[in-house]
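Protein chains in written order, with our numbering: chain E, 501 to 915; chain G, 136 to 366.
Even glycine gets a Cβ: it sits at the ideal position worked out from N, Cα and C.
Since the model is a prediction, treat every value here as computed from it, not as a measurement.
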């Protein structure tokens, strides 16, 4: 009997192919839009979080106790060699970088701004966050930046593009950075801009100056100490476990996950999930109403047919199965079509990105890149399948109620 | 013939199409139909023929009175039980054929057998047997809209008897047929009655058709005015 049920349901859809096609296309377009929005929104959020993690704090950050609340030069990680030993032998660690930080004043002939120097090993930073990928091509210079370093004398500096704009400097310009050293003496050093960065991390682009670790060490009067160790893991899901192990290994240090350092980022991710769910619900409410309308008409115009089937001994349950199978065939076809089109769209935008340069100013305010790369997650398709399934099942409730309340003889004799 | 195969006692049916309007379709109808009977219910239009057939077949419920089919009290059954009774014991031939439009002739004939859970082989054998008997064996793969009225009615008859019901009800089965087709159909019903022993009750107001029956019941204004066995 199931094959007869399926055959009647399928034949009914084929008999009304224009209407069936309209419903399938409606579901497919809704699903395509939903997948696109989810993929792009998630991509925006993940890019923002990824940039912050890679350029700034890593998955895990290590500080000396009390340093974050009071970033004093006396509160440094004393012996970073021990940390090196542990991290270099941990397979879960993809890369890490050690930084010396100090806040001071950077000035030029035109302007002065508060800024922070990060004393880094350029190779470590390159491994950590592919720093060269953030080089800003439009640096008020005809020279296209392809290579960068701190120069032979190690007095080069990489600065954020916003800071460069405010200081009105370009590659080759001189900066003077002034700050207190370990002895509390006010020191100044001359730096030469060797690169401009645009990371879309607001903090970095507006405040940070990368200098060589040796230059920073000499300037600040420090030896082997570091202010911050940023660790990047191969698998983000291992973050908690690695944090706990490092905390046991180094109880004298403060070891924090990225979401503990920047809870707003985590909330951004959660907010995006909620936003996606709301949008999904709204889209599928609209789709459900469309399917309900079609199924209701489909049942009402076949009341006589159903009445005949009941008259010869078909139970209401069997007729219900026919209507449900019909609805599921419509929903399933729409889902497959929408998933294929949506999936291909996401694959394209994952590879080539969606260029929203028109809104670049707005994106920069939020630390987002104007080119957004979509993400593809199985959960998009699973949630969409559940939504389509529920929509199609809900859509048959009203028509079935109409059918159940009708007597076969009334239907056959009156229609 | 065994008596009291179908027992109808004091059946009354009142329709209420509007709040203040009541229509008395049947009034205190009493009938007995024997097993293997070939009975016709006749009368002018509006006399209650279709209403009576619908009540006998469990498609409608009487306002009062009882219907007993082969010892089972139909009037006391639930909708689900009536549905099963129709499937297992009663075959219907409607005036307007009422074939399932998306199924082929073969699938329409097999439909009730499939509902009963018959196997593919059983369905195929029975369908072929009936199709040959009713001269529709070359039309089995056609859809109803590809068949003439007479052909559709023969498919409807085949569907009604395919599952070997105890009782076959036919509501004006020849009304929409030309005279030749009507005569052919009646011959087929007679053969089914004689060869397969199916109890047949049909309604008609055509004297030629009425003359073919063994048992005649005449209704007028919802009442039985005549109930006699012919020849």
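DSSP state of residue i mapped onto helix, strand, coil
i: residue 919/E; result: The structure shown has nothing for residue 919/E, since chain E only spans 501 to 915.
i: residue 677/E; result: strand
i: residue 646/E; result: Low confidence applies to residue 646/E: its pLDDT is 48, below 50, so where it sits in the model is not reliable enough to give any reading.
i: residue 898/E; result: helix
i: residue 700/E; result: coil
i: residue 250/G; result: helix
i: residue 241/G; result: helix
i: residue 633/E; result: helix
i: residue 197/G; result: coil
i: residue 351/G; result: strand
i: residue 689/E; result: strand
i: residue 137/G; result: For residue 137/G, the pLDDT reaches just 48, beneath the cut-off of 50, and the residue's location in the model is therefore unreliable, although a value from the coordinates is still provided. Residue state, collapsed to three classes: coil.
i: residue 568/E; result: coil
i: residue 904/E; result: helix
i: residue 170/G; result: coil
i: residue 710/E; result: strand
i: residue 556/E; result: helix
9 Å Cβ cut-off: residues of chain G touching residue i
i: residue 504/E; result: 238, 242, 245, 246, 249 and 250
i: residue 805/E; result: 233, 235, 236 and 237
i: residue 819/E; result: Near residue 819/E there are no residues of chain G at all, since even the closest Cβ is about 10 Å away, more than 9 Å.
i: residue 841/E; result: Under the 9 Å cutoff, chain G gives no residues; its nearest Cβ is about 30 Å from residue 841/E.
Element boundaries [alpha helix (DSSP H), containing residue i]
i: residue 780/E; result: 763-800
i: residue 665/E; result: 661-667
i: residue 188/G; result: 184-191
i: residue 618/E; result: From DSSP, residue 618/E is part of no alpha helix (DSSP H) but of the beta strand (DSSP E) over 612-620.
i: residue 820/E; result: 816-852
i: residue 718/E; result: 713-720
i: residue 582/E; result: 580-588
i: residue 368/G; result: Absent from the model: residue 368/G. The displayed extent of chain G is 136 to 366, so no value can be given.
i: residue 803/E; result: 803-811
i: residue 757/E; result: Note, residue 757/E: premise wrong, no alpha helix (DSSP H); beta strand (DSSP E) at 753-757.
i: residue 288/G; result: 284-297
Cut-off 6 Å between Cβ atoms - residues of its own chain near residue i, not counting five sequence neighbours on either side
i: residue 285/G; result: 312 and 316
i: residue 709/E; result: 615, 617, 657 and 659
i: residue 828/E; result: 892
i: residue 543/E; result: 872, 873, 874 and 875
Neighbourhood of residue i by C-beta, 7 Å cutoff - its chain only, sequence neighbours within 5 removed
i: residue 524/E; result: 830, 833, 834 and 837
i: residue 356/G; result: 182
i: residue 898/E; result: 792 and 796
i: residue 265/G; result: 244, 293, 296 and 297
i: residue 825/E; result: 505, 506 and 509
Cβ-based neighbour list, residue i, same chain, cut-off 8 Å, excluding 5 preceding and 5 following
i: residue 725/E; result: 576, 577, 578, 580 and 600
i: residue 894/E; result: 788 and 792
i: residue 514/E; result: 520
i: residue 552/E; result: 701, 758, 762, 765 and 867
Neighbour list for residue i in chain G, Cβ cutoff strictly below 7 Å
i: residue 822/E; result: Ordered by position in chain G, no residue passes the 7 Å Cβ test against residue 822/E, which lies about 10 Å from the chain.
i: residue 515/E; result: 237
i: residue 810/E; result: 218
i: residue 512/E; result: 237
Identity of the residues DSSP links to residue i by a beta bridge
i: residue 526/E; result: For residue 526/E, which the question treats as bridged, DSSP gives no partner whatsoever.
i: residue 207/G; result: 204/G
i: residue 670/E; result: The partner list for residue 670/E (beta bridge, DSSP) is empty, contrary to what the question assumes.
i: residue 232/G; result: DSSP output for residue 232/G lists no bridge partner at all.
i: residue 224/G; result: According to DSSP, which records beta bridges pairwise, residue 224/G is partnered with nothing at all.
i: residue 326/G; result: In DSSP, residue 326/G forms no bridge with anything.
i: residue 334/G; result: 302/G
i: residue 161/G; result: 148/G
i: residue 142/G; result: 167/G and 203/G
i: residue 561/E; result: 730/E and 756/E
i: residue 443/E; result: In the structure displayed, chain E extends from 501 to 915; residue 443/E sits before or after that span and is not available.
Test: residue i CB closer than 7 Å to a CB of chain C
i: residue 872/E; result: In summary, chain C is missing from the structure at hand, where the protein chains are E and G.
Residue interval of the beta strand (DSSP E) (run including residue i)
i: residue 342/G; result: No beta strand (DSSP E) contains residue 342/G, which is instead part of the alpha helix (DSSP H) from 342-345.
i: residue 737/E; result: Element bounds for residue 737/E: n/a, residue is neither H nor E.
i: residue 362/G; result: 358-364
i: residue 180/G; result: No beta strand (DSSP E) contains residue 180/G, which DSSP labels as neither H nor E.
i: residue 602/E; result: 593-607
i: residue 278/G; result: Per DSSP, residue 278/G belongs to no beta strand (DSSP E) and is neither H nor E.
i: residue 515/E; result: First-last for residue 515/E: 502-515, but that is the alpha helix (DSSP H), not the beta strand (DSSP E).
Partner residues on chain E for residue i, Cβ-Cβ distance less than 9 Å
i: residue 258/G; result: Within chain E, no residue comes near residue 258/G; the closest Cβ sits about 10 Å away, beyond 9 Å.
i: residue 261/G; result: Within 9 Å Cβ-Cβ: nothing; residue 261/G doesn't reach chain E, min ~15 Å.
8 Å Cβ cut-off: residues of chain G touching residue i
i: residue 508/E; result: 235, 237 and 238
i: residue 912/E; result: 194, 229 and 233
Chain E residues whose Cβ lies nearer than 7 Å to that of residue i
i: residue 215/G; result: 815
Contacts that residue i makes with chain E (C-beta to C-beta distance below 8 Å)
i: residue 227/G; result: 811 and 812
i: residue 303/G; result: Near residue 303/G there are no residues of chain E at all, since even the closest Cβ is about 12 Å away, more than 8 Å.
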